[in-house]
Each structure stands twice: as structure tokens, then as C-alpha cells.
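Chains as they are written, first to last, in numbering that gives the first Met the number 0: chain A, 0 to 171; chain B, 0 to 171; chain C, 0 to 171.
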Amino acid sequence: MPSPTRSVTLVLGGARSGKSRHAEGLIEAHPAPWLYVATAQAYDDEMRARIAEHRARRGEGWQTVDAPVDLAGAIASAPAGMPILVDCLTLWLTNLLLAEADIPAARAALAAACRQAKGQLVLVSNEVGLGIVPDNALARRFRDEAGRLHQELAADANHVVFMVAGLPMIVK
Amino acid sequence: MPSPTRSVTLVLGGARSGKSRHAEGLIEAHPAPWLYVATAQAYDDEMRARIAEHRARRGEGWQTVDAPVDLAGAIASAPAGMPILVDCLTLWLTNLLLAEADIPAARAALAAACRQAKGQLVLVSNEVGLGIVPDNALARRFRDEAGRLHQELAADANHVVFMVAGLPMIVK
Amino acid sequence: MPSPTRSVTLVLGGARSGKSRHAEGLIEAHPAPWLYVATAQAYDDEMRARIAEHRARRGEGWQTVDAPVDLAGAIASAPAGMPILVDCLTLWLTNLLLAEADIPAARAALAAACRQAKGQLVLVSNEVGLGIVPDNALARRFRDEAGRLHQELAADANHVVFMVAGLPMIVK
Chain A
0 MPSPTRSVTL
10 VLGGARSGKS
20 RHAEGLIEAH
30 PAPWLYVATA
40 QAYDDEMRAR
50 IAEHRARRGE
60 GWQTVDAPVD
70 LAGAIASAPA
80 GMPILVDCLT
90 LWLTNLLLAE
100 ADIPAARAAL
110 AAACRQAKGQ
120 LVLVSNEVGL
130 GIVPDNALAR
140 RFRDEAGRLH
150 QELAADANHV
160 VFMVAGLPMI
170 VK
Chain B
0 MPSPTRSVTL
10 VLGGARSGKS
20 RHAEGLIEAH
30 PAPWLYVATA
40 QAYDDEMRAR
50 IAEHRARRGE
60 GWQTVDAPVD
70 LAGAIASAPA
80 GMPILVDCLT
90 LWLTNLLLAE
100 ADIPAARAAL
110 AAACRQAKGQ
120 LVLVSNEVGL
130 GIVPDNALAR
140 RFRDEAGRLH
150 QELAADANHV
160 VFMVAGLPMI
170 VK
Chain C
0 MPSPTRSVTL
10 VLGGARSGKS
20 RHAEGLIEAH
30 PAPWLYVATA
40 QAYDDEMRAR
50 IAEHRARRGE
60 GWQTVDAPVD
70 LAGAIASAPA
80 GMPILVDCLT
90 LWLTNLLLAE
100 ADIPAARAAL
110 AAACRQAKGQ
120 LVLVSNEVGL
130 GIVPDNALAR
140 RFRDEAGRLH
150 QELAADANHV
160 VFMVAGLPMI
170 VK
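This is how it looks when you write it as C-alpha cells:
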């Protein structure tokens with residue numbers, strides 16, 4: 000059997016811009032089964048509702064693993080060649096910040112896992128840096144770290160898209 | 000007389016990105032008279048100043064109807080073939096939220112009116128989902144609803160543009 | 000000696016989108032020496048850290064002038080043909096607002112200086128208008144003025160790019 004081609008796609012966009020749906024479509028263009036790597040931790044009802052909505056939309060063929068913190072490990076231990084959707088980096092980064100984790104080390108580990116992925120890998124993340132500078136220092140740190148993360152992953156990615164109103168604009 | 004071609008354009012962009020000006024140019028490329036569907040309700044002086052500035056820029060050839068809530072009705076009852084500019088969906092959605100209207104029903108009615116438009120229809124809306132998650136629950140709900148609205152309208156639109164510094168980037 | 004070609008590039012993007020690095024690359028494609036026009040005023044430690052990080056990244060070949068307010072003057076008095084990087088317009092506009100300066104006059108003077116530039120001129124600025132409308136009146140005024148400034152400069156610029164995750168999307 001030929002080994003599948005490695006391809007990493009970074010799907011960026013704002014709130015409700017259709018990132019998850021687009022990313023799922025990219026993965027489902029390949030044969031099932033597909034691996035859904037979930038980073039969400041349900042802290043409140045609003046988050047629980049979002050997680051339920053996303054799960055309900057995914058149909059058969061999806062396997063789910065939770066990776067709120069060790070995202071690099073989840074990618075590295077996926078079955079070789081199984082298409083992987085990571086949804087989303089924003090929540091993963093939030094988890095790291097709340098856990099006071101070593102962000103540069105986690106970012107480097109994730110970048111390495113992406114470079115070593117064996118098949119299709121699609122990463123979803125929110126673009127959060129295009130508004131007014133937040134008053135809140137943690138929010139400012141978050142958007143700085145999100146920007147650094149996106150730059151590092153985009154540099155190595157095969158494809159980068161920026162979602163607007165459910166439609167992908169090709170960045171790379 | 001040949002019936003005019005139906006064409007729906009969604010003009011998205013940030014604050015002061017030149018959305019209205021670009022949209023007016025798209026409409027004015029067709030023969031007058033043109034219909035301006037205004038959704039603004041002046042709650043304060045800042046809003047009154049913006050409305051006055053927009054009106055002053057539009058010259059002869061424009062007819063104005065106010066549609067702060069029943070936007071689908073205003074589009075449906077426009078004279079057949081008259082080019083229509085809706086400015087803007089953001090304020091319309093704000094009016095609906097403040098009135099505690101049924102947003103999914105209003106969104107579906109607007110999408111249907113767009114599909115049944117008989118000539119040129121240009122819809123202006125603010126992209127508001129690219130900053131940090133707002134603290135305020137109403138603001139979070141607003142940007143979620145705006146995102147859903149944009150996705151639904153963009154799926155059916157003939158053209159979607161994302162304005163940056165007064166210049167249109169082609170999304171669709 | 001042939002006079003160098005005038006070319007003005009506006010580099011827009013969100014926080015940590017790689018604007019400065021991209022702009023430096025555009026300038027460094029031309030022969031040194033290069034002029035760095037710094038608009039930053041260090042009000043606090045966070046800002047001092049950012050300035051230090053940017054300075055450390057620039058290597059030999061760069062000369063720096065500070066122009067927190069008189070940006071048009073700094074551009075006009077640069078040695079003829081020396082490539083100029085202005086980083087960034089966002090901080091310059093902040094300085095003007097804090098000084099209660101005449102913004103339309105300053106914007107017109109800057110636009111004129113750009114039209115009269117003799118060589119390569121690259122201007123970096125933050126896109127800040129794509130989030131929820133800020134509660135704060137000064138923040139709303141700031142994003143309106145930033146939008147007006149970007150539109151005016153983009154109209155005359157030879158190139159406009161919108162940075163996403165360190166990658167330039169071509170706007171013009």
C-alpha cells in the first residue's frame with residue numbers, strides 16, 4: 000500500500016466564520032475513519048452547547064480523542080495515515096495559559112508533531128488579533144501567543160486559509 | 000425590455016474600511032434610480048452624525064426607504080429591477096436583538112428575499128468576529144448571529160468581497 | 000546615477016501577524032543603508048519590551064530616527080533614495096490622539112509626504128476594526144481614524160498587503 004501524502008492545512012478565521020465545517024470537509028474528502036482531536040474543556044453551559052453542536056454535526060466515520068493539553072502527543076500517537084482534524088488551537092492555547100504551561104516549549108512540540116505527521120492534518124484556529132488592543136493583560140498575552148503560534152505553524156504548513164463568511168480565502 | 004440580471008453581492012469589512020462607498024459604486028454602475036434601504040435607527044448623536052455623513056455622500060438618483068426590522072419586506076416590495084443597496088446588516092441585526100425578535104426566522108426570510116430579488120442587490124455588513132472574545136454575553140451573541148447571517152447569505156450570493164483599507168479583496 | 004524608483008507599500012495586519020518582519024524583508028531587498036522611522040514612545044514596560052525585541056531583530060545597515068509625531072517631516076527629510084520603513088502608523092496615530100493634534104491635517108501631510116517620497120517607502124499599521132464595537136469612546140474614535148488613515152494611504156500606495164499568520168495576502 001502506498002503511504003498517504005503528508006499535508007498540513009491551517010484553517011484560520013473569526014468567530015462563526017465556518018472554520019470547523021470547512022475543516023471537516025477537507026478531512027472527509029479522504030477515506031474514513033477520521034480522527035477528531037478535541038481540545039475543548041467545558042467550563043460552562045455556553046461551551047457545553049458549542050461542543051454538543053459540533054459533535055452533532057459530525058457523522059459516522061469520526062473517532063474522537065480529547066487533548067486539552069498534550070496536543071503534540073495526540074497527533075504523534077494517531078494511527079499512521081489516518082486523517083486528523085484538530086479543533087481548535089485557540090482552546091488548546093487557552094488551556095495552556097490557564098495551566099501556566101511553558102508556551103514556547105508546547106508550541107515547538109506541536110510544530111515538530113506537525114512536521115512528522117504521516118497523513119492529512121488539518122488545524123483549526125481563531126484569528127483574534129484584528130480588533131482594538133484589549134484592556135486586559137491576559138487577553139493581550141493570549142492574542143500575542145496566538146499570533147506567534149499561527150506564524151510558526153503557517154511557516155511549515157502546506158496550505159493556510161482565512162475563512163470569511165464560510166468561504167476560504169487562500170493565504171498559502 | 001430585457002429583464003435585468005439578478006446579482007447579489009455581500010460587502011463585508013471592518014469599521015471605516017470603505018464598505019458603504021464601495022457598495023454605492025457597485026450600484027451606481029447601473030442606471031438610476033437606485034434604492035437605498037437604510038436599517039439605521041439613530042439612538043444617539045454619534046449615530047446621527049454617521050447617518051448624516053452617509054446621506055450627504057449619496058447624490059441624486061437615490062431613493063431611501065427605512066427598514067430597521069422588516070428588511071425582507073423592503074427588498075420584496077422594491078420596484079422590479081431597481082438596484083438595491085442595503086446598508087447595513089449589522090444595524091439590522093442589532094435592531095432585531097434589541098427587539099428580541101426571532102433571529103433564525105428573520106435570517107431565513109432575508110435569505111429568501113435575496114434569492115427572489117429581481118435585479119442588482121448589494122448588502123453591506125461589518126465583520127466583527129476577528130477580535131478577542133468579548134466579556135459581554137450580548138456582544139458574544141451578536142457576533143455569533145452576525146457570523147451565521149454572513150455564512151447563510153454568502154452561500155447564495157453571486158459575489159462576496161472583504162474590504163481592507165478601502166480596497167475589495169475577492170472572496171467569491 | 001539613475002534615480003531610484005518610488006514605491007509605497009502599506010503593510011496591514013493584526014497583532015503578531017508578522018507585519019514588521021515582512022516589512023523589514025521588503026526594505027532589505029534593496030541595498031543598505033536603510034532608514035527605520037520609529038513612532039513608538041515607551042509608556043510602560045510592555046512597550047519597552049516590544050521596542051527592544053524589534054530593535055534586536057534588525058541587524059546592521061539600519062539607521063533609526065524617532066518620529067513619534069512629525070512623521071511627514073521625518074519622511075521628507077530622509078536622504079534621497081534611502082529605503083524607509085515606518086513602524087508603525089498605529090502608534091503614531093495614538094500619539095496624535097493623546098496630544099489632541101489635528102488628525103485630518105496630520106493625515107493629509109503624511110499622504111503628501113508619501114506621494115513625494117523618492118525611493119522605497121514601507122508603512123506598517125495594525126488593522127483594528129474587525130472586532131466588536133468597543134465600549135470606550137476613545138477606542139471607537141481611534142479605530143475610525145485608523146480606518147480613514149488606511150483608506151487614504153492605500154488609495155495612493157503602489158502595494159497594499161494584509162498579513163495573516165506571517166504571510167502576505169495581496170490587496171493591491
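In this text, a Cβ means the ideal position worked out from N, Cα and C, and glycines have one as well.
Next on the checklist: Just to confirm my understanding: we take L166 (chain B), look at its own chain, exclude 5 residues before and 5 after, and list those with CB closer than 8 Å. What are they?
Outcome noted: G17
Checklist entry - Which word fits S2 (chain A), buried or exposed, when buried means at least 16 other C-beta atoms lie within 10 angstroms of its C-beta? => result No answer about S2 (chain A) holds up, because its pLDDT of 46 lies below 50 and its placement is not dependable.
Checklist entry - Comparing the C-beta of A138 (chain C) with each C-beta of chain A, is any distance below 8 Å? => result yes
Item to check | Cross-chain neighbours of R142 (chain C) in chain A, by beta carbon under 9 Å | outcome: G130, I131
Next on the checklist: Against chain A, does E99 (chain C) count as a neighbour if the rule is that its beta carbon must be under 8 Å from one of theirs?
Outcome noted: no
Next on the checklist: For E126 (chain C), count the other beta carbons within 10 Å of its own beta carbon; 16 or more makes it buried, fewer makes it exposed. Which is it?
Outcome noted: buried
Checklist entry - In the structure shown, what three-state DSSP assignment does A37 (chain A) receive? => result strand
Item to check | Minimum C-alpha distance to S6 (chain A) - residue among A:G118, A:Y42, A:E144 | outcome: A:G118
Checklist entry - beta strand (DSSP E) containing G165 (chain A): first to last residue? => result Element bounds for G165 (chain A): n/a, residue is neither H nor E.
Item to check | Cross-strand partners of L122 (chain C) (DSSP beta bridge) | outcome: C:L9, C:V85
Item to check | The beta strand (DSSP E) enclosing Q62 (chain B), as first and last residue numbers | outcome: 61 to 65
Checklist entry - Since H21 (chain A) is in the alpha helix (DSSP H), which residue starts that stretch and which ends it? => result 18 to 27
Checklist entry - Using a Cβ-Cβ distance under 8 Å, would H149 (chain B) count as near chain A? => result yes
Next on the checklist: If the criterion is Cβ atoms closer than 8 Å, does the pair R172 (chain A) and V132 (chain A) meet it?
Outcome noted: Not covered by the structure: residue 172 (chain A). The range shown for chain A is 0 to 171.
Checklist entry - Name the chain C residues whose beta carbon is nearer than 9 Å to that of E45 (chain A)? => result Under the 9 Å cutoff, chain C gives no residues; its nearest Cβ is about 16 Å from E45 (chain A).
Next on the checklist: If the criterion is Cβ atoms closer than 8 Å, does the pair P32 (chain C) and Q62 (chain C) meet it?
Outcome noted: yes
Checklist entry - Applying the criterion that 16 or more other CB atoms from any shown protein chain within 10 Å of the CB defines a buried residue, is T4 (chain A) buried or exposed? => result exposed
Checklist entry - Assuming D149 (chain B) and L25 (chain B) make a contact with CB atoms under 8 Å, what is their CB distance in whole Å? => result Residue 149 (chain B) is actually His in this sequence, not Asp. In fact, because the Cβ distance is near 18 Å, the residues do not count as touching under 8 Å.
Next on the checklist: Any heavy atom of the ligand GDP closer than 7 Å to the beta-carbon of A138 (chain A)?
Outcome noted: For the ligand GDP, the structure offers nothing, since it holds no ligand at all.
Next on the checklist: So, at 6 Å on beta carbons, what are the nonlocal neighbours of V64 (chain B) in its own chain, with the 5 sequence-adjacent residues on each side left out?
Outcome noted: V36, A73
Item to check | Span separating the alpha-carbon of D101 (chain C) from that of L92 (chain C) | outcome: 11 Å
Checklist entry - Closer than 8 Å, CB to CB, is V185 (chain B) near chain A or not? => result Residue 185 (chain B) is absent from the structure shown; chain B starts at 0 and stops at 171.
Checklist entry - Taking Cβ positions only, does M0 (chain C) come closer than 8 Å to chain A? => result Any reading at M0 (chain C) is ruled out, since the residue's pLDDT is 42, under 50, leaving its predicted position unreliable.
Item to check | Residues that L166 (chain B) contacts on chain C, provided the C-beta gap is smaller than 7 Å | outcome: A153, V159, V170, K171
Checklist entry - Under the rule that 16 or more other beta-carbon atoms within 10 Å means buried, what is A79 (chain A), buried or exposed? => result exposed
Checklist entry - For T89 (chain A) versus A66 (chain A), is the C-beta distance shorter than 8 Å? => result no
Checklist entry - Below 8 Å between beta carbons: does that hold for D155 (chain B) and R114 (chain B)? => result yes
Checklist entry - Are the CB atoms of L122 (chain C) and V85 (chain C) nearer to each other than 8 Å? => result yes
Item to check | N-terminal and C-terminal residue of the alpha helix (DSSP H) that P103 (chain C) is part of | outcome: 102 to 114
Checklist entry - Is it buried or exposed for E52 (chain A), if we count other Cβ within 10 angstroms and need 16 for buried? => result exposed
Item to check | chain A within 8 Å of G17 (chain C), Cβ atoms only | outcome: yes
Next on the checklist: Per the DSSP calculation, H158 (chain A) is bridged to which residue(s)?
Outcome noted: A:T8
Item to check | Interface partners of G13 (chain C) on chain A, CB under 9 Å | outcome: E126, V127, G128, L129, G130, R142, G146
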